[in-house]
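For the sequence shown, the positions run 1 to 291 when this note's numbering is used. For every residue, glycine included, the Cβ atom is placed at its ideal position computed from N, Cα and C. Small disclaimer: the values here were computed from a predicted structure and weren't measured. Following: one structure in structure tokens, then a few remarks.
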Amino acid sequence: MSLHRLCAAALLSLPLLAMAPAAQASDDDPVVFSMGHEQWTASQFKRVVADTPPQVKEAALADPAAFARRYADMHLLAQLAESRQLEQDADVRQQLAWVREGVLANAAKDDLYKHAQVSDEEARRYYDAHQGDFVDYTLQHVVLRYHGSEIAPRAGQKDMSESEAMAEAGKLRAQVLHGKDFAELVQRYSDDDESKADGGVLPETASRNLLPEIAQGIAGLKENEISQPIKTRYGVHLVRVLKRTDNNFEDAHPHVVILLKSQLVDRQIEAMKQATPVKLDDGFFQSNSAP
Numbered sequence: 001m002s003l004h005r006l007c008a009a010a011l012l013s014l015p016l017l018a019m020a021p022a023a024q025a026s027d028d029d030p031v032v033f034s035m036g037h038e039q040w041t042a043s044q045f046k047r048v049v050a051d052t053p054p055q056v057k058e059a060a061l062a063d064p065a066a067f068a069r070r071y072a073d074m075h076l077l078a079q080l081a082e083s084r085q086l087e088q089d090a091d092v093r094q095q096l097a098w099v100r101e102g103v104l105a106n107a108a109k110d111d112l113y114k115h116a117q118v119s120d121e122e123a124r125r126y127y128d129a130h131q132g133d134f135v136d137y138t139l140q141h142v143v144l145r146y147h148g149s150e151i152a153p154r155a156g157q158k159d160m161s162e163s164e165a166m167a168e169a170g171k172l173r174a175q176v177l178h179g180k181d182f183a184e185l186v187q188r189y190s191d192d193d194e195s196k197a198d199g200g201v202l203p204e205t206a207s208r209n210l211l212p213e214i215a216q217g218i219a220g221l222k223e224n225e226i227s228q229p230i231k232t233r234y235g236v237h238l239v240r241v242l243k244r245t246d247n248n249f250e251d252a253h254p255h256v257v258i259l260l261k262s263q264l265v266d267r268q269i270e271a272m273k274q275a276t277p278v279k280l281d282d283g284f285f286q287s288n289s290a291p
């Protein structure tokens, strides 16, 4: 999504108090943004950015000046809409109501998460049962696509079957075990163009965030060991473990708490849904579905 559209979405979700602040500038908090007679100090502008949705905030932090200009454009038009009382228009009211529902729904979910409680004992039990989920890896891989995998074939490329791709990956593994440079095989054979640019090296990733097949296939490997061929929906992978960090409970604890609190919130929401079942008229929705 472009910054312009992201900022448009942000405008709908920002409180109007951010639109016409009374700037109380000081040496420690100077005016950094003004439009006509209105001014925003550094702290007020940071508050505007902080109140935006995550994807907007990321763009705003990456280029604050561009965000400020877009924000000024929208602020100007919002003032025009208010002067013309366009919020009384039925379509505008409906759009504002829809945005309000979304903001409140997100606020409710955030509040559930804020009040969710996870004891150290619960965290310890989960960690002990899922230690393999709290391993950090830096991996290097070769990916060979097969017929039907999610990586599109290159022009003129042989469309290998799954069994052919598995056999080919096995041959590449044998070459590595006999001293062939892994990065050289990446450049010559890998169909993952994104990682190929980095020699097949992937950013450090927690095991719980890997594809399940990959996580299972490398679970017993030490650093610099090579996996057997691993089939995923993207292709057949040959994975080398460059770095492995097995996190102890203290290091993993914050991640365990986040995970357990999120699961608790999901269960609470599911309980609410079960207590308030949704009923749909199948005939109506089937007749009005998109072609």
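Looking only at DSSP bridge pairs, what is V239 linked to? H141
With a Cβ-Cβ cutoff of 8 Å, do L112 and V265 count as a contact? yes
Whole angstroms are fine: how far does the CA of Y71 sit from the CA of T245? 43 Å
Buried or exposed: which applies to H178, given that a residue is buried once 16 or more other Cβ atoms fall within 10 Å of its Cβ? Under this definition H178 is an exposed residue.
Compare the C-alpha of Y347 against each of T232, V143, P229 and P212 and name the closest. Nothing can be reported for residue 347: it is not among the residues displayed for the chain, which extend from 1 to 291.
For M166, report the span of its alpha helix (DSSP H) as first-last. E162 to L177
Taking just the CA atoms, how far does S195 sit from R93? 47 Å
How many whole angstroms separate the CB atoms of G199 and A183, which I take to be in contact at a CB cut-off of 8 Å? 4 Å
Assuming H141 and M160 make a contact with CB atoms under 8 Å, what is their CB distance in whole Å? About 17 Å; that fails the 8 Å criterion.
Per DSSP, the bridge partner or partners of E150: Here E150 is not bridged, per DSSP, to any residue.
Is it the case that the region 149-165 contacts the region 219-234, given that we only count it when at least three CB pairs across the two stretches are under 8 Å? Look at the beta carbons and you see the region 219-234 touching the region 149-165: at least three pairs across the two are nearer than 8 Å.
Is the region 204-222 close to the region 114-125, with three or more CB pairs under 8 Å? Flag = no, the region 204-222 and the region 114-125 do not touch.
Going by the DSSP bridge assignment, what does K231 pair with across the sheet? V236
What does the Cβ neighbour count give for A271, buried or exposed, with the cut at 16 atoms within 10 Å? exposed
With a cut-off of 8 Å on the beta carbons, I'd call E87 and L96 a contact; round off their distance for me. 7 Å
Count the other CB atoms within 10 Å of the CB of E223; is the residue buried (16 or more) or exposed (fewer)? Classification for E223: exposed.
With DSSP as the reference, please indicate the residues paired to F33 in a beta bridge. W40
On the DSSP letters alone, give me the boundaries of the alpha helix (DSSP H) that N106 sits inside. A90 to H115
Per the DSSP calculation, A206 is bridged to which residue(s)? D136
Going by DSSP, what residues sit across from I226 in a beta bridge? R240
Compare the C-alpha of R125 against each of Q263, V256, N288 and I269 and name the closest. V256
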